[in-house]
Structure formats: structure tokens, C-alpha cells
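Everything below concerns the one structure shown next.
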Amino acid sequence: MMKKNGNSCVSRVLCSDPAERYRLRIYLRQLCLTVLCALVVSAAIPYDAQAKSRHGRHVSSRQHLRTKSSYQSEPQNAVDVFRQASKSVVAIYNYGDNGNLQSLGSGIVLPSGDVATNYHVIEKAGRITVIYQGKEYPAKPRYIDRFRDLCSLDTPGLQALHVRLGNTRTLSVGAKVYAIGSPKGLELTFSDGLVSRLREVEKGFYIQTTAPISLGSSGGGLFDENGRLIGLPTYFLNQGQQLNFALPVEWIIDLPNRHAAQTKTNELATEWVNKVNAEVEQQDWISLLDICQRWSTAQPQNCSSWRYLGYAYIQNGELSKAIPAYQEAVRINPANAHYWSDLGAAYGRAGQQTKKIEAYQQAVSLDPDLENSWINLGIAYNENGNSEKSLNAYQQALRISPDNAGSWTQLGIIYGRIGRQDKQIESFQKAVRINSDYSNAWLNLGSAYQKTGQFAKAIEAFKQALRINPENSDGWLKLGFSYRDMCQFTKALDSYKQAVRINPQNSNAWVCLGVAHGTALNEAEELAAYQEALRINPENNIALFNLGHDYLEHGHQSKSLEVYSRLKVAEPELARIFFTDFNHLFYPNIPH
1 MMKKNGNSCV SRVLCSDPAE RYRLRIYLRQ LCLTVLCALV VSAAIPYDAQ AKSRHGRHVS
61 SRQHLRTKSS YQSEPQNAVD VFRQASKSVV AIYNYGDNGN LQSLGSGIVL PSGDVATNYH
121 VIEKAGRITV IYQGKEYPAK PRYIDRFRDL CSLDTPGLQA LHVRLGNTRT LSVGAKVYAI
181 GSPKGLELTF SDGLVSRLRE VEKGFYIQTT APISLGSSGG GLFDENGRLI GLPTYFLNQG
241 QQLNFALPVE WIIDLPNRHA AQTKTNELAT EWVNKVNAEV EQQDWISLLD ICQRWSTAQP
301 QNCSSWRYLG YAYIQNGELS KAIPAYQEAV RINPANAHYW SDLGAAYGRA GQQTKKIEAY
361 QQAVSLDPDL ENSWINLGIA YNENGNSEKS LNAYQQALRI SPDNAGSWTQ LGIIYGRIGR
421 QDKQIESFQK AVRINSDYSN AWLNLGSAYQ KTGQFAKAIE AFKQALRINP ENSDGWLKLG
481 FSYRDMCQFT KALDSYKQAV RINPQNSNAW VCLGVAHGTA LNEAEELAAY QEALRINPEN
541 NIALFNLGHD YLEHGHQSKS LEVYSRLKVA EPELARIFFT DFNHLFYPNI PH
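Okay, so the sequence shown: first residue is 1 according to UniProt numbering, each after it adds one.
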């Protein structure tokens, strides 16, 4: 007879007939394996914080995933980039009050017709001249932002090709970039390199590049592979080492909104930022902390100094000091969404879940297009068990970046938790269409197919995941489940073998391998697999139950009773089933 307990079949029909006992043994193993499969498959693959998109970009706690905008053309070669972009580059001469040349630099002709350059290029100028194609044009400052080391120049009469503006959010580490400047005020120089680091700042990303930048090229242009301006290069030396940075193009666009008289304190801030970035590049966290402590002491009203100090404390493992530093940053500038986002991350590290959510809520209320804060808010809501709010947060993140495969994957996981299997599968499908090399998305898609009985599709999805990462033990385990559900037992056995080869400490994988060996009548291997599962995890009750049944089938009464005693304490329901089976096997003629 078959008896129901909840939603799972838990009773047995036992007799002394060998053929019937064999069929029963297969039934028992498959039943326990089904329970184990449900436990494993229901555990969704979590969102990977460094999941890559098709273009190799990722999301981290410090950095947004950035996707290419729809208007991007195909990459040009270096000759085309120089031919186009160089027509927007000018030389800038800074003359003192005495008429002597004080300094020179480079500049970029903006769509407005103004020339953008670094503020330090024109600092203390008595007269400014712009040189373009051998002609001189008098210039004067229009907008100045001393803190960001930027300015724009009004240059009447200048007729030059206006630069095309890019977006630092289209960049990723490793992207090709080109630097153009006029270091000697005459001929242009052209160099190429890669983006070596991106540091998130207000409105964009501060760029570090391997493209060589010559002294005198400050204020020139850093261009992407399509000839669009993405930043203004700045030459910087740190302990004799040349580091090449570029201010984000978004700061140039923001100049009119930032134009105001700056104090001497703010003039020094860029120098502090450069020092900070140099130590971050070297990953010298102790020196970074020292610099940030001195910076916040020297400029206690500079909110950025406190933000960087919080980051330095995080890198040195001093979380209790990081939170007050971030709190000071938001006290000074409570309208900065990025500071609230940093504070939320610090609260999260400290396990202060409520404050973490409040900080991220504040961040997205200040800047509804702050993708990373929506993602982190979604994670926080999910951890609190609020699936509906988590779902909304990920939908907001996807509104901003619809090509974020990681967000689609996480959205699918949340849909699964609220029972929307159709939306779950649809979300995972979108993730793998965006990034066909995203292993976790394929794993989740396979699990979703498996839970809805689409075993053939599940097999194909798991195969895709293993194509990308063939050493994923969990992928092989799930592939084995799907082969088992398709009654392809030999392939299931081979898959479980791969799973335990890759991760020999996975107790559940050994249970699955034991069941597969039992199906193949490999009795010695079956017994050894259950014993190994229990050696790894003595509390694996499914392994204990299966081992006990193996003892029952081979007439080991004392060992069977020992298993029963353990199950009675650890898993009473399994113990009840086991005891019934024990009586049927050893006392078949006694009514039960």
C-alpha cells in the first residue's frame, strides 16, 4: 500500500520476494533522491556581485554595471579616431601679468563653442591665448570649478570642429582609449592605452588609463574607440611613478551648474584625490588610511574627505570607524545620493539591516537613476523576506540598465519565490540572451525548467552552464537530476561522478551517487557512497536512511537497528518509515 504524508509518498510495500525487493529498493532510492533533488534545485543561485555582461563589465559594491548606449557606432581604428578628434583639440598659453609665459596646456572645443581644460592650466593667468591650427585667439574664463580642477574658456572667433561627447558609463576596465594633447603648444601628440581603473565619483567615473600623457597635455582629450570625449587627462607623479588619470566628461557637462567662487581649501582637494587614487592603485591600505586621515583633518568640511576615509577604514577592516566617517559625509552633504549608498553598504557589513535599507532608500530618493543603489536595495529587501519590494527594486534597476544580465537573473529568483514560474523562466531567458556566457543564469534557468517538468530543456541549460564552467560541481549535480528524471540513468551516474570529483566534500552529491550506483546494481559502490556522505556530514539523514535500507536488504539486523536508533532522534518521520520497513523484512508473517 502507499500512504501519503503531506505532499510526498513515504510508505513502502515490502516482501521477501527478491524481484519485488529489487523494485522496492529502486523505488526507495529514487524517492529519497527526489527529496534531495527538491532541496538542491529549490536553492536558487544567488546574484553574483561580479557577474559579467556580454561586454565583460560587472557590478560591485563600489561600482555600477555600465552598458553601451544605443547610439554607439562600430569601433573605429586609431587613424580614424585621430583624424576626427584632433580637429577639436587646441593648445592653451597662460601668460603672467608681466607678459611672460607661465604654463601651457591643452583644451577641447565643446559643442557650445567654449574650450574646456583643467583649471590649473589657466591658474593665476594675466592673459590666456588659445592656439588652433596656427592661429591665436584671446580667451577668458567662463565657468570655473576649482574643486574638480575644471574650467571652460570663452574664445571669440574660434571656428573649430566641436567634439562629440561620450559617457564614462559606457566604459569598462580594459576598454581601448586614446589621448590627444598639445604638450609643447604646437604639434599634437597621440597615444593609446587601456582603461586600468574606474572609480565612481559624482555623476560619472574617474578614469585611470595606461595611455601615456605628457607633461603639458593636461586639459587635452581622452577619447573612446569611437572618437567621443570621455575625459580630460591629468598628468600626475607619485613617488617618481607616472600615473595617468582623466576627469570624467560628465564633470565638463556639469560645469555651468557648478560655477561658483571656490575657496583655497577646495583648490587643494584634487591633489588629495590624486594621492588617494595612487594608493588605491598600489593597494597600500595603510598609506591610504594615513592620507585620508590627514585630508579629513586638513579639510574637515570637505565631504569627499570623509567618504574616502570611510572607504580607507573598510579596506583596513575597521568597520566601526567607517560608519561614523560615512555619516559625517552625509551630514555635510545630505543631498549626495552616492554618500548615502556608501553608508548603506557599511551598515550592511555591520549587519544593521534596517539602517541599511533606510540609507539605500534615501539614495534612490535623491537619485532615482542610481542603479547600484536599487540593486543593493533589492538585495536588502530580499534578505528581509520582502519579495514584493525586492521585485520592485530590481525592476527599477532594469529600467535604468535593461541589459544587466545579473539583475534579470536576480529578478527571476524573486519571481520564483513568489510562485511566478512563467515570469521566472522569462527573466532567466532574458539574462542568457543578454550574456550567453553567464553560467549562473543558465544554472537558474535549468533549475526553473526542472521544477516545471521541462527536463529536456533543463538538460540543455545545464549543459550550457557547464560549457562555460566545466568545474562547477553544482551544475553536474543538477544535470544528473535531470538525466535521472529522463530515465537516462547511465548519464546521471556519470554526472554525479563529476560532481564528487570536483567537490569531494559535498555530502549530498555522494548520496546521489549512491542512489545511481544502486540503480545500476553496483552494491559495493552504493554502500561506500552512503558511508562517505555520512563521514562528511554525520547529520545527513537521507544518507543514513539509505544506508540503513542497504543494511536491511542484506540482512544486517543489528546495524539496521543502530540506524533506526539514530533516525528516531534525528528524523522521527524517517524513523517511523524505516521501522515499518524493518518489520516487513524481518517479520513478514506478523500482522503490522
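Idealized CB from N, CA, C, for every residue including glycine.
Because the structure is a prediction, the values reported are computed rather than measured.
Check	Outcome
Is LEU255 closer than 9 Å to TYR137 when the C-beta atoms are compared?	no
At the level of alpha carbons, what is the spacing between TYR415 and VAL511?	30 Å
Check ILE213 in the structure and name its three-state DSSP category.	coil
Consult DSSP for THR580 and reduce its assignment to one of helix, strand or coil.	helix
Whole angstroms is fine: what's the gap from CYS383's alpha carbon to GLU371's?	Per the sequence presented here, residue 383 reads as Glu, with Cys not at that position. Taking the straight line joining both Cα atoms gives about 19 Å.
Hey, TYR496 and LEU477: beta-carbon distance below 9 Å or not?	yes
Just confirm the distance between the C-beta atoms of VAL163 and ALA85, as a whole number of angstroms; I'd bet it's less than 8 Å.	7 Å
Closest to LYS559 by CA distance: which of GLN531, ILE468, GLN488, GLU539 is it?	GLN531
Does ALA125 come out as helix, strand or coil in the three-state DSSP assignment?	coil
Here's the rule: buried if 16 or more other CB atoms are within 10 angstroms of the residue's CB, otherwise exposed. What is SER73?	Caution applies to SER73, whose pLDDT of 47 falls short of 50 and renders its modelled position unreliable; the value that the coordinates give is listed next. SER73 is exposed by the Cβ-count criterion.
If you reduce the DSSP assignment to three classes, tell me which class TYR22 lands in.	Low local confidence applies: a pLDDT of 40 at TYR22 is under 50, so the model's placement there is unreliable, and no value is given.
Based on the DSSP output, what are the partners of GLU136 in its beta bridges?	ILE131
I'd like to confirm the pairing. Which residues does DSSP put opposite GLY204 in its beta bridges?	VAL201
Give the single residue among ALA431, ILE413, ARG433 whose Cα lies nearest to the Cα of GLN424.	ILE413
Give me the DSSP bridge partner(s) of PRO248.	GLY231
Let me make sure I understand the geometry here. Which of GLU225, SER482, ASN244, PRO538 has the alpha-carbon closest to that of ASN506?	PRO538
Measure the C-alpha to C-alpha separation of LYS451 and TYR483 and round it to an integer number of angstroms.	14 Å
Grouping DSSP H, G and I as helix and E and B as strand, with all else coil, what is PRO111?	coil
Out of curiosity, what's the CA-to-CA distance linking ALA211 and ASP224?	12 Å
Would a C-beta distance cut-off of 9 Å place ALA380 and ILE357 closer than the cut-off?	yes
From ASN316, LEU343, PRO334, pick the residue whose C-alpha is nearest to that of ALA325; which is it?	LEU343
May I ask you to list the residues that DSSP assigns as paired with ALA179?	SER191, LEU222
What number of angstroms, rounded off, separates the C-alpha of ALA543 from the C-alpha of LEU574?	11 Å
What's the C-alpha gap between ILE323 and TYR347?	7 Å
Is it true that the CB of LEU150 sits closer than 9 Å to the CB of ALA88?	Sequence check: residue 88 is Ser here, not Ala. Going by C-beta atoms, SER88 is not nearer than 9 Å to LEU150.
Thinking just about the alpha-carbon of each residue, which of ALA179, GLU200, GLU562, GLN283 is nearest to the one in ASN244?	ALA179
If you draw a straight line from the C-alpha of SER287 to the C-alpha of GLY204, how long is it?	26 Å
When the Cα atoms are used, what is the spatial distance from SER61 to TRP442?	Below a pLDDT of 50, predicted positions are generally treated as unreliable, and SER61, at 32, falls in that range; the measurement from the model is reported next regardless. Between SER61 and TRP442, the C-alpha separation is close to 24 Å.
GLN283: buried (16+ other C-beta within 10 angstroms of its C-beta) or exposed?	exposed
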